[in-house]
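Asker:
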Amino acid sequence: MTGRIGVYPGTFDPVTLGHLDIVRRGARFVDRLVIGVTTNPSKEPMFTVAERLDMVRRETAGVGNVSVVEFDSLLMDFAEREGATLILRGLRAVADFEYEYQMAGMNQQLNDRIETVFLMADVSLQPIASRLVKEIARYGGAIDKFVTPAVAADVAAKLAR
Ligand code: ADP
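For the sequence shown, my numbering gives the first residue as 41, with consecutive numbering after it.
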């Protein structure tokens, strides 16, 4: 496999319109974008990793150069295994900065051959966060401005159980 490969790691619990916008933007400047869905049990996700993989695959099926895989290792090892030269992260307002800054800095120390690149989602999608989507849904609020109809149905089904 030749060309520039990027990985976009995340929990995607659930995948939002913000994530999907970052995927579309990112996919434009790499030859292949590998979305890495982390198992990350410490976050106690609403959806299992299998469910999140299915969801992200379904929602990105229209983007040609994207593949979706699970990973359960150090991000830099995952990126190296995929042959990636860059890691894509989305950056929202100041709240994300401290965490992302620290992570990018430490990852640079671990592997200086792989660059972290930050993208901003469309302005209208920037405030969206999976955590808040879940919170709104738990209190019976509408989440259709933040996720696709299929994901909204997945969340509703999960909460109905
Ligand atoms: P993680 O647990 O790794 O933070 P998330 O699924 O919450 O995983 O997010 C994955 C990436 O997508 C992160 O870089 C996050 O900052 C970014 N992201 C999430 N929502 C948005 C958004 N609305 N706009 C831009 N970037 C976003």
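Positions of the beta carbon are idealized from the N, C-alpha and C atoms, including for glycine.
Any heavy atom of ligand 1 closer than 8 Å to the beta-carbon of Leu-126?
Answerer: Not so, every heavy atom of ligand 1 lies at least 8 Å from the Cβ.
Asker: So Met-95 and Asp-184 are in contact, right, with Cβ under 8 Å, and what is the actual spacing, rounded?
Answerer: 16 Å between Cβ atoms; not a contact.
Asker: May I ask you to report which of helix, strand or coil DSSP gives Phe-186?
Answerer: Three-state result, Phe-186: coil.
Asker: What's the C-alpha gap between Thr-56 and Ala-169?
Answerer: Approximately 7 Å, taken between the alpha carbons.
Asker: Let's test the definition: count the other Cβ atoms within 10 Å of the Cβ of Val-106 and tell me whether it reaches 16, buried, or not, exposed.
Answerer: Answer is buried; the Cβ neighbour count reaches 16.
Asker: Which one or two residues does DSSP pair with Thr-88 in a beta bridge?
Answerer: DSSP, once it has assigned bridges, lists no residue as partnering Thr-88.
Asker: Residues in its own chain within less than 6 Å of Ala-144 by CB, not counting five upstream and five downstream?
Answerer: Excluding residues within five positions, the ones whose Cβ falls inside 6 Å are Thr-156.
Asker: Could you tell me whether the Cβ atoms of Gly-130 and His-59 are closer together than 9 Å?
Answerer: Contact flag set, yes.
Asker: Do the CB positions of Gly-76 and Gly-43 come within less than 9 Å of each other?
Answerer: No, the Cβ-Cβ distance between Gly-76 and Gly-43 is not below 9 Å.
Asker: Could you tell me which whole beta strand (DSSP E) segments of length 3 or greater appear in the segment 132 to 189?
Answerer: Runs of the beta strand (DSSP E) inside the segment 132 to 189: 155 to 159.
Asker: From what residue to what residue does the alpha helix (DSSP H) around Glu-120 run?
Answerer: Residues 115 to 121.
Asker: Mapping the DSSP letters down to three states, classify Pro-81 as helix, strand or coil.
Answerer: If DSSP states are grouped into helix, strand and coil, Pro-81 belongs with the helices.
Asker: I'd like to confirm something about Glu-140: is its beta-carbon nearer than 8 Å to some heavy atom of ligand 1, or not?
Answerer: Checking the Cβ of Glu-140 against ligand 1 gives yes.
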